[in-house]
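Undergrad:
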Amino acid sequence: LAKAEQPTLLQGTLDLLILHALQRGSMHGYAIAQTIHLLSDEVLKVEEGSLYPALYRLELDGAVAAKWGLSENNRKAKYYSITRRGKSLVADQQATWNRLSSAVQRVLAR
Amino acid sequence: MPRLLLKLLRRKRLAQDLDAELAFHRDMSGEHQNAVGLGNTSLIKEEAFDLWRFNLLENLFRDLLHAVRRLRASPALLLSAMLSLGLGIGANTAIFQLLDAVRLKALPVQNPQELAGVEIEGGHGGMGINPGEYPELTRPMWQELRRYQHAFSGIFAWTADGVNIGEGESLHRGKAIWITGEFFRVLGVSPWRGRLISSEDEGPCPASVVVVSYAYWRTAMGGSDIGNSTMVVDGERKEIIGVTPPGFFGLSVGDAFDVAIPLCQESNMSRDVFDVAVMGRLRPGWSVKRAAEQLKSISPAIFEATAPEGRSPRSIEAYKRFKLTAVPAARGVSVVRDQYSSSLWLLLAITGLVLLITCANLANLLLARASTRDREMAVRLALGASSIRLLQQLLVEAGCLCALGAGIGISLAPLFSRVLIWTLSTEGGPMDLAIAFDWRILLFAAGVATATGLFFGAMPIRRTLNAQPGATLKTAGRGTTASRQRFLTQQALVVTQIAVSLVLLVGALLFVRSFRNLLTFDPGMRESNITVAFVAFQKSRVSPDHYIQFQERLIEEVKPIPGVIDVASTSNVPLVGGSWEHGVRTGSSDGLSKFTWVSPEYFNTMGIQVIAGRDFKSSDSRTSLHVAIVNKTFVRRYLPNANPIGQTLRTVMEPNYPSTLYQIIGVIPDTKYSDLRGDTPPMTFAPASQHPDPGPFIPLMIHSTMPASAVMSAVKRVLAQNHPEIVVTGGSFEQWIRDGMIRERAMAILSGFFGILAALLAVVGLYGVMSYVITNRRNELGVRMALGASRRQVIGMVLREVCLLVVVGTVIGGALSLLAGQAARTLLFELSPYDPFALAAASVLLIAISLLASFVPARHASKIDPMISLRYE
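First to last, the protein sequences are chains H and V.
So in this note's numbering, the last one in the first sequence is 252, and the numbering has no gaps at all.
So in this note's numbering, the last one in the second sequence is 889, and the numbering has no gaps at all.
As C-alpha cells, this is what we get:
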C-alpha cells in the first residue's frame, strides 16, 4: 500500500526533472533530490541509486556541467549546472512530456 | 568522444570524486534526517563506472589483463595448453593446407573457372597405346576436334611425362609437358623472360624450341640469362626461348613441370595412340554443359573420321560409339589429387580427433580450475555481479588460450606441411606442391581455434551458469559421495577421450599392419638385388629390322660385367605401374591378357619358376614357332579343363600387332603384375625375339648383389665403350617398388604417430581427472579409512571406478572404430577394416596404460591420513 502513494518515475522523466530543477541555478546532487522531492509536494522520491548515474549520464551528454565548490555548510560538494545544450534538451523534453501527459489525460477523460 | 577519452584516462580521479560525492550525500541526508536514501552505494559506483567507460571494450580489456595475469600465475597450465593447442591446430592447418593445394585451389591462371577439359565419356576402355600421363585422345581426334568445335574461344592439347635432360655426365631426369601453340595464350600466362611457345612453334618433329619453368630456371640454370642458350632434352638439342612466371606449375597439381616443349606433328599420326589431353577456355556465355552438348553433337563425325585401321570390327564399332564431353577444369588435372585426397581427408579427420582429445583435456583442466574458483564466483554472484560479466571473463580466458594456440599453430603449420610433403615424396618423385598461406588457411585455422575455444571454454561456463551461490558457499568444496554427479562432466569427457583415442589407435594399428603386409608381401618374384636399366638407342642408327638383334647384342655386352649374375630384357617392367594388354582367343573363349615379351633368361633373373612345360630358349627365334608361357590365372580363366601345354592362343589384331597364333609351352605361378595391390590378371609371356613391333630401346632387369648405383655406372661405362650415343637411365627395382608404397608408408607413420599421441593425451587426461576427484573426495576417503577400510580396499575402489570409465570408453570406441573402419577400407592392403587383432591390441593397450596411470592417484588416496583429512575444514 505504501507503494501506491509513492509512484515510481516513468522511464526518462528523471532527466527532465533534474534538468528542470537545475534551471533554478546550480546545485549539488543532494539538493537536486531535495528540490524534486519538495516541488512534487513530497510525492516523488528520486529512486535510490538512480540520481547519480543519471547525473553522470547527463554530464557525459553535455547537458549539465559539474564543478567542485563549497556547500552551504562549508563542505566540499560537487555542483551541477545546466548547459546551453541542457536548456534546449529540457525544452524538447518538456514539450514531449506535455504532449504525452495531455494525451494520457484525454484518454482517461473519456 | 574526446571527453569520454579524457574520463577514461582520469578514471582514478573520477573514482575518488564519486566516493567524495556519495559521502557528502550520505552526510547531508544523515544531518537532515530525511528519507531520501542512497541505497546500494556499490551498485551506484558500478553503474557510474559503466557510464564512464566504453563498456564492452574496457571490460574486455580488463578481463584480458585479468586472464593474462591468471594464466601467468599457472605456467604449467599455460604451457601444456599452448603446446597441445599449438600442435593440434598446427597439424590440422598443415593437412588442410595440403588438401587446399591438392584439392580445392584453382589453377594459378586467368579466370580458371572458364576452363574445361575434353574427354571421351566414360573413357576409352584401355584401347590402343596409352603413353604419357594423360592418355585421353589420339592426335587425329584432336585435329578433328580443333577444326569442328565451337564451344571454346581457345583450345589446346597437351601431355606430360618424364624426360632425360642434358647429356653425358650432367644427364638427369626431369618433367616435361608437351603443348600445342595455344596453350599459354588460352591460359593467359605471360612470359617471365623471353617469349613463350605460340602457334608459330607448332610444326614437324622434332621441335626445336623449349620453355623452362621458373623453378627449373632458378635451381638448375641459376637464373642466368637465357639469350641464345640451348639444352638437350631426350637427346635433342633445343633452343631455350623463355621462362614461365613463378607460381605457374602447369595443369597438374602436385606434379610441376621443368620444361615445356611444342607438341610436334609427326608425318604419320597414329590413330591408335591415345597420348594427349585437351583443354580449352569456354566462349563467353557458354557453360560446361552447353559445351558438352556441342561436343556430343560433333562426336559421330569425329570418331567416324578417325577410326583406327587394323582392329577387329567389334573394337571399331565400339570406337565409333564414343562420345566426347566437357568437364570443369578450373582446378586442373592431378594424379596426385586422386592418389592422395582420400588419405588427406582421413588424416584431417585423425588430426581433428586428436584436437578433440586435446580440447577435452583442456576442458578438464579448466573445469578443475573453475572448481577452485567456485567460491570466488559464488561470492561475486551473491554480491550482485551479473552472470554475463562472469561468463565474459571465462570466455576471454578461453579465447586467450585459443588465440595463443592458433598463433603457435599457424606458425608451426608451414613446418608441418613440409614434413608432410617430405613423408609423401619419394626419391625419384618429389611432390611439388605450391603451399601458399592464403586467407583460406587463416580462416580454417581461426575456425578450428574458435571451435576448440568454444568447446573447452563452454564446460566451465555451463558450470558457472548452473552454480547455486548459496549451496556452493555452504559446502565450501568439501565433496561427499552424495555429490558425485559433480564429476559427471569430467567423467563423460574421460570416456569420450578413451573412446576417441581407441578409434585412433585401432586406425593406426590397421595402417601399420597394412604397410607391413605390403612390405612383406611376396609378389612371386625377386625384388631385391635387381637393377632396372632403360637403354635407349634411338641415335645408334640401327634400322628397325635389326632392333631385336641389337637388343640381344646389348644384353650380351652387359652379361660379362663383374658382379652381374643374370640379365634379361622385358617389354614391361613389373610392379611399377606399366601395362600392356591384348585381346586373346583360346579355344572358344575370348578375353584379355597382359602381354610381356622377355629374353630367355627373364624367369631365371626374376626368380620365377616355370612349374609346367619349359622355359624360353635362345632357339625360340623370329622365324621359329611362336611360343608363349602363361600364368596360372590365365589357365584357370581360359583353359580350365585341359592341359594347357600344347594349347594355342590367338591375339586379336591391332595396328602393328597382327593377329598371331602362339603355342603355350609353359606355365608360371601367379605373380603380381603392375601393382602389388589388386588381383593377378591373366598374363602371357612371349620371347623377345618374336616381338612384332620392337622399339629402339630396351628395359633390362639385372640381377646383381652390387648396389644399384654401382651396377648402373658399370652398365653405362661398358655400353659407352662401343655405343657412346646410348642413353641409360634406371635404378633399384626394390626402391621403385618401395616408392609405390609411399601412401601406405605415410599413412602408417602419421596415423601411428597420432594414435600414440591420442592415447597419451587420453591417459594424461584420465590421470588429471582421477587426481582431481580424489583430492575432492579426501573427506569421504578419510571417513572410510577411519571406519576400517584398508589401503588395498581404497586402491581397489579407485581402480574399479577407473575400470568402469575405461571399459565404457573402450566399448564405445570399439563400436566407433568399426564404423570408422569403412572409411579406411580402400586404403588397406590385404587387411579387413574389422581386424580383430588391431581392435584387441588397441583395447588391451589402452586399458593397461589407463590403469597404470590411475594407480598413482589411487596409491596417493590410500596414503591419506584419516585424522588429517577429517580435521581439514
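Every residue, glycine too, gets a C-beta built ideally from N, C-alpha and C.
Treat the numbers as computed from the prediction; the structure is a model and nothing was measured.
1. What is the DSSP secondary structure of residue 588 (chain V), reduced to helix, strand or coil?
2. Output yes if chain H places a C-beta closer than 8 Å to the C-beta of residue 33 (chain V); else output no.
3. Within the segment 185–247 of chain V, note down every full beta strand (DSSP E) run reaching 3 residues or more, in order along the chain.
4. To the nearest angstrom, how far is it from the Cα of residue 77 (chain V) to the Cα of residue 410 (chain V)?
5. Taking only beta-carbon positions, decide if residue 207 (chain H) is within less than 8 Å of chain V.
6. Of all the CB atoms in chain H, is at least one closer than 8 Å to the CB of residue 40 (chain V)?
7. Give the secondary structure of residue 264 (chain V) by DSSP, where H, G and I count as helix, E and B as strand, and everything else as coil.
8. Going along chain H, which residues have a C-beta under 7 Å from residue 44 (chain V)?
9. May I have the straight-line CA-CA distance separating residue 715 (chain V) from residue 614 (chain V), to the nearest angstrom?
10. Are the C-beta atoms of residue 37 (chain V) and some chain H residue less than 8 Å apart?
11. Look at the alpha carbon of residue 348 (chain V) and the alpha carbon of residue 357 (chain V), and state the distance between them as a whole number of angstroms.
12. Assign residue 678 (chain V) to one of three DSSP states: helix, strand, or coil.
13. Could you pull the start and end residues of the alpha helix (DSSP H) that residue 335 (chain V) belongs to?
14. With a cut-off of 8 Å on the beta carbons, I'd call residue 251 (chain V) and residue 555 (chain V) a contact; round off their distance for me.
15. Exposed or buried, which one is residue 240 (chain H) when buried takes at least 16 other CB atoms within 10 Å?
16. Rounding to the nearest angstrom, what Cα-Cα distance links residue 472 (chain V) and residue 380 (chain V) in this structure?
17. Nearest CA to the CA of residue 813 (chain V): which residue from V:719, V:788 and V:875?
18. Verify the CB distance criterion: does residue 217 (chain H) have a CB-CB separation below 8 Å to chain V?
19. Could you tell me which of V:504, V:176 and V:734 sits nearest to residue 576 (chain V), measuring between CA atoms?
20. So, are the CB atoms of residue 534 (chain V) and residue 763 (chain V) less than 8 Å apart?
21. For the beta strand (DSSP E) containing residue 141 (chain V), name the first residue and the last one.
22. In chain V, which residues lie less than 8 Å from residue 220 (chain H) when you measure between Cβ atoms?
23. What's the call for residue 455 (chain V), buried or exposed, on a 16-neighbour Cβ count within 10 Å?
24. Helix, strand or coil: how does DSSP classify residue 750 (chain V) here?
25. Since residue 872 (chain V) is in the alpha helix (DSSP H), which residue starts that stretch and which ends it?
26. Quick one, which of V:390, V:656 and V:660 has its alpha-carbon nearest residue 643 (chain V)'s?
27. What separation, rounded to the nearest whole angstrom, lies between the Cα atoms of residue 377 (chain V) and residue 796 (chain V)?
28. Going by Cα to Cα distance, which pick from V:310, V:645 and V:553 is closest to residue 701 (chain V)?
29. Taking 8 Å as the threshold, find out whether the segment 158–173 of chain V comes into contact with the segment 243–262 of chain V through three or more Cβ pairs.
30. Can you give the Cα-Cα distance for residue 283 (chain V) and residue 368 (chain V), rounded to whole angstroms?
31. Do residue 151 (chain V) and residue 290 (chain V) have their beta-carbon atoms positioned less than 8 Å apart in this structure?
32. Check for me: the beta strand (DSSP E) holding residue 608 (chain V) runs from which residue to which?
33. Pull up the CB-CB distance for residue 102 (chain V) and residue 421 (chain V), whole angstroms please, since I reckon it's below 8 Å.
34. Under the assumption that residue 195 (chain V) contacts residue 174 (chain V) (Cβ atoms under 8 Å), give the Cβ distance between them as a whole number of angstroms.
35. What residue range is occupied by the uninterrupted alpha helix (DSSP H) comprising residue 156 (chain V)?
TA: Let me lay it out:
1. Coil at residue 588 (chain V), not helix or strand.
2. Closer than 8 Å to some Cβ of chain H, the Cβ of residue 33 (chain V) qualifies, so yes.
3. When DSSP assignments are scanned along the segment 185–247 of chain V, the uninterrupted stretches of beta strand (DSSP E) that are 3 or more residues long and fall wholly within it turn out to be 188–195 and 225–228.
4. It is roughly 13 Å from the alpha-carbon of residue 77 (chain V) to the alpha-carbon of residue 410 (chain V).
5. It does not; no Cβ of chain V falls within 8 Å.
6. Taking CB atoms only, residue 40 (chain V) has a neighbour in chain H less than 8 Å away.
7. Reduced to three states, the DSSP call for residue 264 (chain V) is coil.
8. Ordered by position in chain H, the residues that pass the 7 Å Cβ test against residue 44 (chain V) are 172.
9. The alpha-carbon of residue 715 (chain V) is positioned some 10 Å away from that of residue 614 (chain V).
10. Output row for residue 37 (chain V): interface = yes.
11. Residue 348 (chain V) and residue 357 (chain V) have their C-alpha atoms roughly 14 Å apart.
12. Strand.
13. From DSSP, the alpha helix (DSSP H) with residue 335 (chain V) extends over 329–336.
14. About 6 Å separates the two Cβ atoms, so the contact holds.
15. Counting Cβ neighbours within 10 Å, residue 240 (chain H) comes out exposed, since fewer than 16 surround it.
16. It is roughly 8 Å from the alpha-carbon of residue 472 (chain V) to the alpha-carbon of residue 380 (chain V).
17. Of the candidates V:719, V:788 and V:875, the one whose C-alpha sits nearest the C-alpha of residue 813 (chain V) is V:875.
18. Answer yes: the Cβ-Cβ gap between residue 217 (chain H) and chain V drops below 8 Å somewhere.
19. Comparing Cα-Cα distances from residue 576 (chain V) to each of V:504, V:176 and V:734, the minimum goes to V:734.
20. Inclusion of residue 534 (chain V) and residue 763 (chain V) in the CB contact set at 8 Å is not warranted, their separation being larger than that value.
21. Membership of residue 141 (chain V) in any beta strand (DSSP E) is not indicated, and neither H nor E is assigned to it by DSSP.
22. Under the 8 Å cutoff, chain V gives 33, 36, 37 and 40.
23. Label assigned to residue 455 (chain V): exposed.
24. If DSSP states are grouped into helix, strand and coil, residue 750 (chain V) belongs with the helices.
25. Segment 852–878, the alpha helix (DSSP H) holding residue 872 (chain V).
26. For the residues V:390, V:656 and V:660, the minimum Cα distance to residue 643 (chain V) belongs to V:660.
27. Distance between the alpha carbons of residue 377 (chain V) and residue 796 (chain V) is about 26 Å.
28. Its Cα nearest to that of residue 701 (chain V), the residue V:645 stands out among V:310, V:645 and V:553.
29. No: the two stretches stay apart, fewer than three of their Cβ pairs being nearer than 8 Å.
30. About 56 Å.
31. The answer is yes: Cβ separation under 8 Å.
32. Per DSSP, residue 608 (chain V) belongs to the beta strand (DSSP E) from 605–614.
33. Contact flag correct, Cβ pair sits at about 5 Å.
34. Right, the Cβ-Cβ distance comes to about 5 Å (below 8 Å), so this counts as a contact.
35. Its alpha helix (DSSP H) spans residues 155–164.
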